[in-house]
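Asker: If you read the sequence shown in our numbering, its first letter stands for residue 14, the second for the next number, and so on. The following block contains the structure, expressed as structure tokens.
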Amino acid sequence: EKLGYLGKYFDIDQVTCIGTSAEQATAAWDMYAFDGNVLSNSVFVGLGGGFEHVGSYIPSVLLVGIVGFVATMSCVESASAAGDDYPMAETMLVDGLGTIIGACFGSYYSTTVYIGHPIHKALGARRGFSVFNGILYFILLLSGMFAWLYNVLPACASGSILVFVGLLLGRQAFEETPPRHYPALLMSLFPYICNWAKLQNDNEGVLMMGQGGGLMFSIVITWLFCLCIDRKFLQAAVLSLVAIFLSLFGFFASHNAANSTKPATKGDEKIGFYGMEDHEYNNGWRWAVAWSLAVAFFLVHFAMQKLRLIAAPYEEVPKESTASKGLTHTSRMSRQFECESNESDLSTGIS
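As structure tokens, this is what we get:
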């Protein structure tokens, strides 16, 4: 059976990427376009007795919330690096309110900040960009035309836009990162690559890092690498200690149970304590052991720093100090030039 790389959709054999099949577009139009019941069984549904079923979803909701928080935080920091500072607390509150309002109308997606602020700004986008997006999505979703549009625009084409945004964000990352941290910046890509490989093929050989997750794991491992480069071993030890519990309780390196899906991607990932198990799907305990060794390693190096056996932590020279030094040097040169000029004038006058 010829399914392509995305499997079946609308009970039609998928042989290429989404957005290139006339049959799928027609099926989406017939099923959703201008359907008067597009909001049926969704608006304020489940607000009464639905909360009794929330318990089993709390681990997943918590994980999605944490990922959304980290994503919003990184976007706000990216905007700040581009010269636009936004209050973090206000941004988080608006994200939360947007998620709550969306949930009341049947949305199960959390709200987060647009990624790519520096690129949007460079292209001239302002507040109207967000307003226009909101109006456009409001019309497309309420009319039921979004499903049809989703099957008309090739995913391969829209994906290239995300690649473009990612490349420009990567450029910004290198521009805002000190050169000494470049190795850590490159290291940050590995968790994403390994996680992608594990999700695409269960026999690619990427085990521990492949199932470690992407976003949170990348932040922690990159942060740790930067601390190592700066020889801040005490902070590295504390971060490694925290990472032990993150690993054991499924925040990253979570429990990916075996399943019959090919590739095996949809395991029972839940927050909870996962001890040592004799199979490849639970790598949390392996990472916990690795982080424990890292704690000991960093504490030993911190003690050696205290004994002055190795170099002290790296301290970056403030830009003000550098500027004042340059000003002092310039002033000194200026005074020297004035003295030499006065001496020359005096000699001329005497002669």
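Backbone N, C-alpha and C define an ideal beta-carbon position, used for all residues, glycine too.
Applying the criterion that 16 or more other CB atoms from any shown protein chain within 10 Å of the CB defines a buried residue, is Ala132 buried or exposed?
Answerer: In the sequence on display, residue 132 carries Ile and not Ala. Buried, since its Cβ has 16 or more Cβ neighbours within 10 Å.
Asker: Candidates Leu199, Tyr127, Val56, Leu228: which alpha carbon is nearest Ala116's?
Answerer: Val56
Asker: Checking 8 Å against the spacing of the C-beta atoms, do Pro167 and Thr33 come in under that value?
Answerer: yes
Asker: Indicate whether Asp108 and Gly129 have their beta-carbon atoms separated by less than 8 Å.
Answerer: no
Asker: Taking C-beta to C-beta, are Gly119 and Ala46 nearer than 8 Å?
Answerer: no
Asker: Alpha carbons only, please: which of Ser231, Tyr127, Ala160, Ala135 is nearest the one belonging to Gly147?
Answerer: Checked all of Ser231, Tyr127, Ala160, Ala135; the closest Cα to Gly147 is Tyr127.
Asker: For Asn146, which three-state DSSP category applies?
Answerer: helix
Asker: Rounded to a whole number of angstroms, what is the C-alpha to C-alpha distance between Leu110 and Thr104?
Answerer: 10 Å
Asker: From which residue to which residue does the alpha helix (DSSP H) around Glu103 run?
Answerer: Per DSSP, Glu103 belongs to the alpha helix (DSSP H) from 101-117.
Asker: Determine the burial state of Pro326: buried for a count of at least 16 other Cβ atoms within 10 Å of its Cβ, exposed for fewer.
Answerer: exposed
Asker: Measure the alpha-carbon distance for Gly78 versus Ser123 and round it to whole angstroms.
Answerer: Those two C-alpha atoms are separated by around 8 Å.
Asker: So for Ala325, helix, strand or coil by DSSP?
Answerer: DSSP places Ala325 in the coil class of the three-state scheme, outside both helix and strand.
Asker: Looking only at its chain, what residues have a beta carbon closer than 7 Å to the beta carbon of Val89, apart from the 5 residues adjacent to it on each side?
Answerer: Tyr99, Met101, Thr104, Val126
Asker: Does the beta-carbon distance from Ser253 to Trp304 come in below 8 Å?
Answerer: Less than 8 Å separates the beta-carbon of Ser253 from that of Trp304.
Asker: Could you say which of Val302, Leu320, Asp243 lies nearest to Glu328 if we only look at CA atoms?
Answerer: The residue with the shortest Cα to Cα distance from Glu328 is Asp243.
Asker: What span of residues does the alpha helix (DSSP H) with Phe7 cover, start to end?
Answerer: Beyond the ends of the chain as shown, which are 14 and 364, falls residue 7; an answer cannot be given.
Asker: Using the C-alpha atoms, what's the distance from Ala138 back to Val233?
Answerer: 32 Å
Asker: CB of Phe151 to nearest heavy atom of the ligand MN: below 7 Å?
Answerer: As for the ligand MN, it is missing from this structure, which has no ligand bound.
Asker: So what's Cys30 in DSSP terms, helix, strand or just coil?
Answerer: coil
Asker: Thinking just about the alpha-carbon of each residue, which of Val313, Gly179, Gly49 is nearest to the one in Ala249?
Answerer: Val313
Asker: Which residues in the same chain have their Cβ closer than 6 Å to the Cβ of Val308, if we skip the five residues on either side of it in sequence?
Answerer: Ala250, Ser253, Leu254
Asker: What does the alpha-carbon distance come out to for the pair Val144 and Phe151?
Answerer: Roughly 11 Å between the two C-alpha positions.
Asker: Please classify Cys169 as buried or exposed, where buried requires at least 16 neighbouring CB atoms within 10 angstroms.
Answerer: exposed
Asker: Given a cut-off of 8 Å, decide if Pro196 and Phe238 are closer than it, judged by their beta-carbon atoms.
Answerer: Yes, they are a contact pair.
Asker: Please report the straight-line C-alpha distance between Ser171 and Leu75, rounded to a whole angstrom.
Answerer: 30 Å
Asker: Using 8 Å for Cβ pairs, my map puts Leu261 next to Ala301. What's the rounded Cβ distance?
Answerer: Under the criterion of beta carbons closer than 8 Å, Leu261 and Ala301 qualify as touching, at roughly 5 Å.
Asker: Smallest Cα separation from Gly161: which of Leu136, Glu189, Ala35?
Answerer: The sequence shown places Trp at residue 161, not Gly. For the residues Leu136, Glu189, Ala35, the minimum Cα distance to Trp161 belongs to Ala35.
Asker: CA-CA distance, Ala256 and Tyr163?
Answerer: 39 Å
Asker: Please name the residue in Trp298, Pro192, Phe264, Arg299 whose C-alpha comes closest to that of Val83.
Answerer: Phe264
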